[in-house]
Each structure stands twice: as structure tokens, then as C-alpha cells.
Amino acid sequence: MSVPGGVKPSFLRDRGNDVINPKLDDDEFELAINQAQQQFDLHHPDIVVGSSRGGALAMNLELGGVPRVLLCPAWKKWGRIKTVPSNALVLHSRADEIIPFEDSEELIRRSGLSNDNLIEVGRDHRLADSDSLATMWWACQLLQSGEVLPQGDEPSGHVAGAHEEANYICDSCGEEIIVPLDMSEGALQRYVEDCPVCCNPNVIHVRVDDDGIVTLWSEPEQDHE
Ligand SMILES: [Zn+2]
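Just so you know, we're using the numbering used here here: the sequence shown kicks off at 1330 and counts up by one.
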């Protein structure tokens, strides 16, 4: 129910993406689905992002294998589809006051997916803070790379031991920081750590692909208390 041109589409557009951001019907869910499906069929986007009611709506589209990024999807309130495929990533705040975080946990469980598909981020329902927006963009990039997330909780043996540390450049002081990697934490990791040089907090993102190749990057945590 957000307006076209809101903070999330603008964030993606500012990063060089073509964003199709149609105005969808606020009242009739089925009509909104048809409107969105028409736009999808017309533009063939690489990825579909939906937030809240829009997340539920995205779940109900026929995407032919195109991945979805779902922000606190309101699947219990709207739509017939109550599962997501393995190439969907769900972002949700545990402090969400509109759609409970547990709804996304249930969605992941019903879909037979692992917790790698559910990313806890943000401080409220809007997910409009800088960390949430950056994580949305990260999820889009990850899924656009064609990665299918591992199923279940089995550790993927080919990854273990591939790398034991990696480095990032602190945005605040420009120093190269070496961090140990814990592969048992999964193929997608995200955590906050204070730069050991300048003490500014950085959000560290780690991604391990199927070949065991580690990608790690950081951004300053801007909304810390
Ligand atoms: Zn630093």
C-alpha cells in the first residue's frame, strides 16, 4: 500500500536498477494481483520485491522461477499462497508491530526452508532504516547471482575449511580489517562489529557461494543508539 516512488524503490533506483513500481489497487487484492502480474509479464524483471501486503501479493504472482525478496510479508492476511520457493528471501524485524516476526518463521517452516531464507533486520514494520534498505539490496544482489539457497540445516561440507578469514575495509577509517570466518554460521551471515582501529560499528555481510568462494563487505551502522 506504499506509494510509487517511496523509499524502497528509490533506494534500489539510486543503485542503478531499473525499478518497475506500479500503482496497485489498495482495496481489491485480486485486482492488485492482476495489475502486478500484467506489469511482470510486460517487463520481465530479474527480481520481484514486495513489502507487507505487497509481499503477500508477490507470493501470489506467477513468476516462472524469478526470485522474490519479501519484506515482512502479510501472507496470513492476504492471498491463497501460503509457501515460498527456495529462491525467496524474507526480511523481517522481530520488533515488527504490525506483522509478527513469527509469521515469517512459520512461512519458512511451512515452505520446508532453512533459516538461511529468513533474515532478521530492522526495528519496525516499515524496514525503511538504512540497514534494512541495504539488506534488501544485498538480498536482491544475492538472488540475482542465481544462487539457490541450501535446503534444510545440513552443513554444506564443500564450504567448510575453504577459507578461515577474510577482510573488509572500514568505511570510517579506511583500514583493512581481518575477520575470522565461522562457516558453521551458514552461507549468509550478517553481524555488527566495532572496527578494532576506530571503534565505529560496521555491519558485516558474509556470503559463501556453492564453490566456497567468500564475499565479505561492510557498511557503517548508521542507526545505532
Ligand atoms: Zn575503522
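C-beta atoms are modelled at their ideal positions from N, C-alpha and C, and glycine is treated no differently.
As the structure is a computational prediction, the values presented were derived from the model and not from experiment.
Exposed unless 16 or more other CB atoms sit within 10 angstroms - verdict on residue i
{"i": "E1483", "result": "With a pLDDT of 41 at E1483, under the threshold of 50, the predicted position of this residue should be treated as unreliable, though the coordinate-derived value follows. E1483 comes out exposed."}
{"i": "G1334", "result": "exposed"}
{"i": "A1557", "result": "As displayed, the chain neither begins before 1330 nor continues past 1554, which places residue 1557 out of reach and without an answer."}
{"i": "P1396", "result": "buried"}
{"i": "I1542", "result": "exposed"}
{"i": "A1491", "result": "In this prediction, A1491 scores a pLDDT of 46, lower than 50, which makes its location untrustworthy; no coordinate-derived value is stated."}
{"i": "N1444", "result": "exposed"}
{"i": "N1531", "result": "buried"}
{"i": "H1487", "result": "Unreliable placement is indicated for H1487, whose pLDDT of 34 sits below 50; the coordinate value is still reported in the next sentence. Exposed."}
{"i": "D1332", "result": "Per the sequence presented here, residue 1332 reads as Val, with Asp not at that position. Burial call: exposed."}
{"i": "G1393", "result": "exposed"}
{"i": "G1451", "result": "buried"}
{"i": "N1446", "result": "buried"}
{"i": "G1481", "result": "Any reading at G1481 must be qualified, since the residue scores a pLDDT of 43, below 50, and its modelled position is unreliable; the value itself is stated next. So G1481 ends up on the exposed side."}
Heavy atom of ligand 1 within 8 Å of residue i beta-carbon
{"i": "S1501", "result": "yes"}
{"i": "N1529", "result": "yes"}
{"i": "E1504", "result": "yes"}
Nearest to residue i (by Cα), restricted to the options the options
{"i": "V1378", "options": "D1347, E1431, K1406", "result": "D1347"}
{"i": "A1365", "options": "D1343, M1388, K1406, G1503", "result": "M1388"}
{"i": "I1448", "options": "E1504, V1395, P1351, H1534", "result": "H1534"}
{"i": "P1402", "options": "S1433, E1359, E1548", "result": "S1433"}
{"i": "P1509", "options": "K1337, H1454, G1408, Y1520", "result": "Y1520"}
{"i": "K1337", "options": "L1456, G1503, C1527", "result": "L1456"}
{"i": "L1442", "options": "E1431, T1412, D1453", "result": "T1412"}
{"i": "C1528", "options": "I1507, R1452, C1499, S1474", "result": "C1499"}
{"i": "E1357", "options": "W1407, L1390, R1344, N1350", "result": "W1407"}
{"i": "H1421", "options": "I1410, D1460, E1391", "result": "D1460"}
{"i": "P1351", "options": "R1344, N1363, E1514", "result": "N1363"}
Beta-carbon spacing of residue i, residue j below 9 Å
{"i": "W1466", "j": "L1341", "result": "yes"}
{"i": "L1371", "j": "G1384", "result": "no"}
{"i": "L1386", "j": "A1361", "result": "yes"}
{"i": "L1471", "j": "R1382", "result": "no"}
{"i": "Q1518", "j": "D1458", "result": "no"}
{"i": "E1548", "j": "A1468", "result": "no"}
{"i": "P1414", "j": "S1380", "result": "no"}
{"i": "E1504", "j": "V1526", "result": "yes"}
{"i": "I1437", "j": "K1405", "result": "no"}
{"i": "D1540", "j": "S1474", "result": "no"}
{"i": "C1524", "j": "I1506", "result": "yes"}
{"i": "I1349", "j": "P1374", "result": "yes"}
{"i": "E1426", "j": "D1453", "result": "yes"}
Beta-bridge pairing of residue i - partner residues as DSSP gives them
{"i": "H1421", "result": "E1449"}
{"i": "P1530", "result": "D1523"}
{"i": "W1546", "result": "H1534"}
{"i": "V1413", "result": "V1413 is not bridged to any residue."}
{"i": "S1459", "result": "For S1459, which the question treats as bridged, DSSP gives no partner whatsoever."}
heavy atom of ligand 3 below 8 Å from residue i C-beta
{"i": "V1526", "result": "Summarising the ligand content, the structure contains ligand 1 and does not contain ligand 3."}
Beta carbon proximity, residue i to chain B, threshold 9 Å
{"i": "A1403", "result": "Looking for chain B here will not work: only one protein chain is present."}
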